[in-house]
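See below for the structure under consideration.
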Amino acid sequence: MRIAFMGTPDFSVECLKALENSKHEIVGVFCQPDKPVGRKQELKMPDVKVEALKHDLPIFQPTTLRNGKGVEILEKIKPELIIVVAYGKILPPDFLKFPKYGCINIHASILPKYRGASPIHHCVLNGDSETGVTSMLMDEGVDTGDILLVKKIPIGINDTTLEMFEKLSVLGAEVLTETIEALEKGELNPIKQDESKATHAGLLSKDEGLIDWSKSAFEVHNKIRGLYSWPGAFTKLDGKTLKIQKSVLSDKKGNNIPGEVVFVDGKMIVSCGDNNCVELKEIQLEGKKRMEAAAFLNGHKLSKGTVLG
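Encoded structure:
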């Protein structure tokens, strides 16, 4: 089958690798344009482009797919199927209708839950016990198409968004492979999404990383692991920003003062709004290196009763 692949970040790479190792012909790889990064604003290639170059695949980085620009490319490469994995742009109607077998999206949630740009962050932020990957036949909506295949995996109590990205990336490649196999055999049974169960997972901002210690310990812990490694959770210590990289739930009890450090003996345990506590495991004070909390406490005088925030 002649397949065009559309994806941009590292999450998409495992799916591209699965196609590279398949019997199918990759007639083109679409990704976002190279972007300037860092202080020197040097151009950085998307991870998908880096992978595609290893296999000398045709690469397309259009600034727009609209006004027939995308279809012009499709007419040259003639894909029978288009696979989309975190491409980063909405596909116009003429593009969606072009391939014989349509456009299939690999989405990192159990649809219709967490439609949108940041489903992995939101499932961890909300303390979900499981998530998964859904393949769907794309339509003109945002993650609203008919469901083709779903695979689920558990989320551990200390799993971070970064760890779930890695797990779901691999699972996404499995879902993609099985979806294409079922398509070839005529065994796909598209299922309409239940709109009453739909939720949206929008883009996150850095401001959302501010910890509200009046929340329960479970909610605070979920924020820390849900925003790891971007945009990151943070609080204030003596007027300076303190980034919280890792945490665990503690069996200690607080003193009904949210944000209070209730235990300092090689451990940094903080009281939350429900009088339960979280233990901060890895932190980074403004202007300093990231370090384990125990190492931080060795070099900083932090008294019991200090209040963060």
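The numbering used here applies: residue 1320 is where the sequence shown begins, and numbers increase by one.
Beta carbons: idealized from backbone N, C-alpha and C, even for Gly.
Keep in mind that this is a model prediction, so the values were computed, not measured.
What separation, rounded to the nearest whole angstrom, lies between the Cα atoms of residue i and residue j?
{"i": "V1580", "j": "L1616", "result": "12 Å"}
{"i": "I1510", "j": "L1467", "result": "7 Å"}
{"i": "R1385", "j": "A1536", "result": "47 Å"}
{"i": "N1541", "j": "A1427", "result": "18 Å"}
{"i": "K1565", "j": "D1513", "result": "36 Å"}
{"i": "S1569", "j": "N1595", "result": "7 Å"}
{"i": "E1333", "j": "A1552", "result": "28 Å"}
{"i": "S1515", "j": "I1429", "result": "14 Å"}
{"i": "T1554", "j": "L1627", "result": "7 Å"}
{"i": "E1598", "j": "G1347", "result": "48 Å"}
{"i": "A1517", "j": "I1474", "result": "20 Å"}
{"i": "I1563", "j": "K1359", "result": "28 Å"}
{"i": "K1397", "j": "P1381", "result": "17 Å"}
{"i": "K1559", "j": "S1488", "result": "36 Å"}
{"i": "D1478", "j": "E1391", "result": "43 Å"}
{"i": "L1362", "j": "G1505", "result": "43 Å"}
{"i": "L1372", "j": "E1339", "result": "12 Å"}
{"i": "L1393", "j": "E1500", "result": "23 Å"}
{"i": "L1546", "j": "T1480", "result": "7 Å"}
{"i": "D1526", "j": "V1539", "result": "15 Å"}
{"i": "P1411", "j": "G1446", "result": "35 Å"}
Could you tell me which residues DSSP pairs with residue i in its beta bridges?
{"i": "M1610", "result": "I1602"}
{"i": "V1589", "result": "V1580 and V1597"}
{"i": "A1552", "result": "I1563"}
{"i": "G1451", "result": "K1471"}
{"i": "M1320", "result": "Per DSSP, none; premise fails for M1320."}
{"i": "D1465", "result": "L1456"}
{"i": "G1528", "result": "Answer by DSSP bridge pairing: none, since G1528 is not bridged."}
{"i": "F1379", "result": "F1349"}
{"i": "R1434", "result": "H1519"}
{"i": "M1325", "result": "F1349 and V1403"}
{"i": "I1429", "result": "DSSP output for I1429 lists no bridge partner at all."}
{"i": "I1510", "result": "I1466"}
Considering only the alpha carbon of each residue, which of the options lies closest to residue i?
{"i": "V1452", "options": "L1507, Y1420 and E1493", "result": "E1493"}
{"i": "E1399", "options": "T1480, K1571, I1576 and R1321", "result": "R1321"}
{"i": "R1434", "options": "D1462, D1413 and G1551", "result": "D1462"}
{"i": "S1341", "options": "E1506, G1545 and L1495", "result": "L1495"}
{"i": "G1528", "options": "L1487, L1444 and V1390", "result": "L1444"}
{"i": "G1578", "options": "K1373, I1472, L1561 and S1590", "result": "S1590"}
{"i": "A1337", "options": "T1327, E1497, R1609 and D1413", "result": "E1497"}
{"i": "D1557", "options": "L1335, G1347, H1343 and S1622", "result": "S1622"}
{"i": "K1395", "options": "A1501, F1379 and T1383", "result": "F1379"}
{"i": "N1575", "options": "K1559, D1593 and I1588", "result": "D1593"}
{"i": "G1606", "options": "W1549, R1544 and L1561", "result": "L1561"}
{"i": "G1585", "options": "K1559, L1604 and A1614", "result": "A1614"}
{"i": "I1409", "options": "M1325, E1601 and I1588", "result": "M1325"}
{"i": "I1588", "options": "V1567, Q1603, L1604 and K1608", "result": "V1567"}
{"i": "E1549", "options": "V1539, S1524, K1608 and E1538", "result": "The identity of residue 1549 in the sequence shown is Trp, whereas the question assumes Glu. Measuring from the Cα of W1549, the nearest candidate turns out to be S1524."}
{"i": "H1343", "options": "Q1603, L1376 and R1544", "result": "L1376"}
{"i": "N1508", "options": "G1446, I1472, S1454 and I1543", "result": "S1454"}
{"i": "F1330", "options": "V1539, K1486, K1470 and K1388", "result": "K1486"}
{"i": "D1413", "options": "T1480, S1448, K1388 and E1601", "result": "K1388"}
{"i": "K1432", "options": "G1521, K1363 and I1392", "result": "G1521"}
{"i": "K1470", "options": "L1490, V1583 and H1374", "result": "L1490"}
{"i": "G1573", "options": "A1612, R1544, G1624 and H1619", "result": "G1624"}
{"i": "F1582", "options": "T1327, A1612, L1604 and Q1603", "result": "A1612"}
{"i": "H1374", "options": "D1465, P1411 and L1335", "result": "L1335"}
{"i": "I1476", "options": "T1450, D1465 and G1464", "result": "T1450"}
Kindly indicate the opening and closing residues of the alpha helix (DSSP H) around residue i.
{"i": "K1395", "result": "K1388 to I1396"}
{"i": "D1570", "result": "From DSSP, D1570 is part of no alpha helix (DSSP H) but of the beta strand (DSSP E) over K1559 to K1572."}
{"i": "V1626", "result": "Run containing V1626: none; DSSP gives neither H nor E here."}
{"i": "G1505", "result": "Here G1505 belongs to no alpha helix (DSSP H), and DSSP marks it neither H nor E."}
{"i": "H1545", "result": "Contrary to the premise, residue 1545 reads as Gly rather than His in this sequence. Per DSSP, G1545 belongs to the alpha helix (DSSP H) from A1536 to G1545."}
{"i": "D1639", "result": "An answer regarding residue 1639 cannot be provided, because it is not within the stretch 1320 to 1628 covered by the chain."}
{"i": "L1384", "result": "Here L1384 belongs to no alpha helix (DSSP H), and DSSP marks it neither H nor E."}
{"i": "L1372", "result": "D1366 to K1373"}
{"i": "K1408", "result": "Premise fails: K1408 is in no alpha helix (DSSP H) and is neither H nor E."}
{"i": "K1336", "result": "V1332 to E1339"}
Residue range of the beta strand (DSSP E) that residue i falls in?
{"i": "V1348", "result": "E1344 to F1349"}
{"i": "H1426", "result": "C1422 to H1426"}
{"i": "E1361", "result": "E1361 to K1363"}
{"i": "I1402", "result": "L1400 to V1404"}
{"i": "P1355", "result": "K1354 to V1356"}
Query raised in the report: Would you call the region 1398–1407 and the region 1416–1433 touching, i.e. three or more CB-CB distances under 8 Å?
Result: With the cut-off at 8 Å, the region 1398–1407 and the region 1416–1433 touch.
Query raised in the report: So does the region 1353–1366 actually touch the region 1523–1535, counting three or more Cβ pairs closer than 8 Å?
Result: Of all C-beta pairs linking the region 1353–1366 to the region 1523–1535, fewer than three are shorter than 8 Å, placing the two stretches out of contact.
Query - the region 1358–1369 contacting the region 1441–1459, beta-carbon criterion three pairs below 8 Å - result: Note that the region 1358–1369 does not touch the region 1441–1459; fewer than 3 beta-carbon pairs, one per stretch, sit closer than 8 Å.
Query raised in the report: Quick one: any contact between the region 1435–1450 and the region 1412–1422, if contact means 3 or more CB pairs under 8 Å?
Result: At 8 Å Cβ cutoff, the stretches do not touch.
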